[in-house]
Every structure is written in structure tokens, then in C-alpha cells.
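J.:
In the numbering used here, the protein residues as written are 2 to 220.
1) Rank 207, 196, 60 by C-alpha distance to the C-alpha of residue 221 and give the top, closest one.
2) Please specify which runs of the alpha helix (DSSP H), each continuous and at least 4 residues long, are wholly inside the region 2-42, giving them in chain order.
3) Report the residue from 188, 179, 192, 197 whose alpha carbon sits nearest the alpha carbon of residue 213.
4) Within 10 Å of its beta-carbon, does residue 147 have 16 or more other beta-carbons around it, so buried, or fewer, so exposed?
5) Could you compute how far the alpha carbon of residue 217 sits from the alpha carbon of residue 201?
6) Under 7 Å between the Cβ atoms of residue 31 and residue 41?
7) I'd like to check one pair, residue 4 with residue 43: are the Cβ atoms closer than 7 Å?
8) Decide if residue 27 is buried, meaning its Cβ has at least 16 other Cβ atoms within 10 Å, or exposed.
9) State the DSSP-derived secondary structure class of residue 162, mapped to helix, strand or coil.
10) Report yes if the C-beta distance between residue 15 and residue 6 is below 7 Å; otherwise report no.
11) Determine contact between the region 154-165 and the region 185-200, defined as no fewer than three beta-carbon pairs at a distance below 8 Å.
12) Over the uninterrupted alpha helix (DSSP H) stretch that includes residue 199, give me the two end residues.
13) Answer yes or no: the CB of residue 183 versus the heavy atoms of the ligand FAD, is any distance below 6 Å?
14) If we count the other Cβ atoms within 10 Å of its Cβ and call it buried at 16 or more, is residue 79 buried or exposed?
15) Can you name, in chain order, every residue of its own chain whose Cβ lies under 6 Å from the Cβ of residue 95, other than the five neighbours on each side?
16) Spatial neighbours of residue 223 within its chain, please: C-beta separation below 7 Å, excluding the five flanking residues on both sides.
17) Is residue 81 buried or exposed, if buried means 16 or more other CB atoms sit within 10 Å of its CB?
18) Are there 16 or more other CB atoms within 10 angstroms of the CB of residue 206, so buried, or fewer, so exposed?
19) Would you mind stating whether residue 144 and residue 121 have Cβ atoms separated by less than 7 Å?
20) Out of 19, 47, 36, which one is the CA nearest neighbour of residue 63?
21) Grab the span of the beta strand (DSSP E) containing residue 147 for me, first residue to last.
22) For residue 161, which option in 196, 141, 137 has the closest C-alpha, if you only look at C-alpha atoms?
Below you can see the structure in the form of C-alpha cells.
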């Protein structure tokens, strides 16, 4: 199930462009009348997490509408109850439902992680370079998290590349984490350790995300 993002309903400051930009998960690119367009993944009909995926989409719509109203009142400021600004990226859908499943999973894992960190007092943010990061009192980036929905080495390399590319600017002064599925191999974990990157494994059970080791989420 995909959604074009047209959720405005005639309300001012609420529409497709804003919703597409704010969507927490990964967008899906599909063929549409001879061109490609980005759409929002809602849920996979074949997924055992169908209800959780549908619920996630509904909550994303509600969050966007709430933030849109707040931002309309305070032009040029960030909503005070928004703990981070979601990053989004496209993905090609080639007939299989895996892309939609992965897109949903990325958003769910990222949001759950952000909520846990925020509840523990961390100032959690996101930008075009990283999925999540925690700012220290000095304003510097102290902890960075990259979320990957596949345990494959190529996906882990992608996360590592972003971590080090951003670090080269001197903006990251603290710990680095890759967040990946529970099935990620111990060999990959050992390779990450040599790079001084810690691995956090996640699993989704009945739509709920859990992380291990949990101690890595202390801020």
C-alpha cells in the first residue's frame, strides 16, 4: 500500500509537499505515467507487521498536521515538541514488497530510538547527513546513530561511510553507532569495533522495536 501524500483536505499550511518532506521513513520511487515520483509507503499486505505499519502511517500524518499548525504560528522557529527533523531518501520499487517493508522499518526503528533517547533527556536531532545525533551542552555533536535495515555488508559500509564522512569535518566529537538488524554477523561487529564504532542490534516483534545491548542507549 502506497500513498501519494495528498493529505491537506483544504487546510492551510498542510499539503503533499510538506508531508513528503517531513515523513520519517524512507520514501519509495515508483513509475507514474512515464515518469518517476516519490510516494509514501503505508504498509505491506504480506507483512506480519501490517497493523503496526498502518498505525505508524496514521501517527505520521497526525504528527505532521500537528507540527504544521505549530510552525504556522511560529514562522522561522522549530516546533518546541519536535525532538528531531526526519531525514528522508528515495528507494526504487521494482515490483517486490521488500522496498516498502524496508522503508517502513527504517522509520519505525529511527522513531523508536529517538523516543528512547529523548525520554532520557537527550537533545536528539537529525539532518541530511545522519539519521540521528545527540547534541551536547556545548552545541557539538556528541553521539551519532546510523540506521540500516539490512545486515548485508554493503549496507553496513554505507552507514560507516556516512559516519566517517561527517566526522572528517570535525563536527562529531564523540561516540559512533551503527543500528542494524539482530541478524547482523559477529564478524561485522568485530570489524566495526576496530573502527571504534559500536553496533546496536534491533528486532521487531509484533510491531515493537527492541534494542541490544540496551546499555548503549545511555546518554
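All residues carry an ideal CB built from backbone N, CA and C; glycine is no exception.
T.: Well, looking at it:
1) Nothing about residue 221 can be read from this structure; the chain reaches only from 2 to 220.
2) 17-23
3) 179
4) buried
5) 7 Å
6) no
7) yes
8) buried
9) helix
10) no
11) yes
12) Unbroken run through residue 199 is the beta strand (DSSP E), 199-206; no alpha helix (DSSP H).
13) The ligand FAD is absent from the structure shown, which contains no ligand whatsoever.
14) Residue placement at residue 79 is flagged as unreliable, the pLDDT there being 33, under the threshold of 50; the coordinate-derived value follows with that caveat. Result: exposed.
15) Because the pLDDT at residue 95 is just 32, under 50, the model does not fix this residue reliably, and the point stays unresolved.
16) This structure does not reach residue 223, given that the chain is present from 2 up to 220, and the question cannot be answered.
17) Low per-residue confidence applies at residue 81: pLDDT is 33, beneath 50, and the placement is therefore not dependable, though the value from the model is reported in the following sentence. Counting Cβ neighbours within 10 Å, residue 81 comes out exposed, since fewer than 16 surround it.
18) exposed
19) no
20) 19
21) 142-148
22) 196
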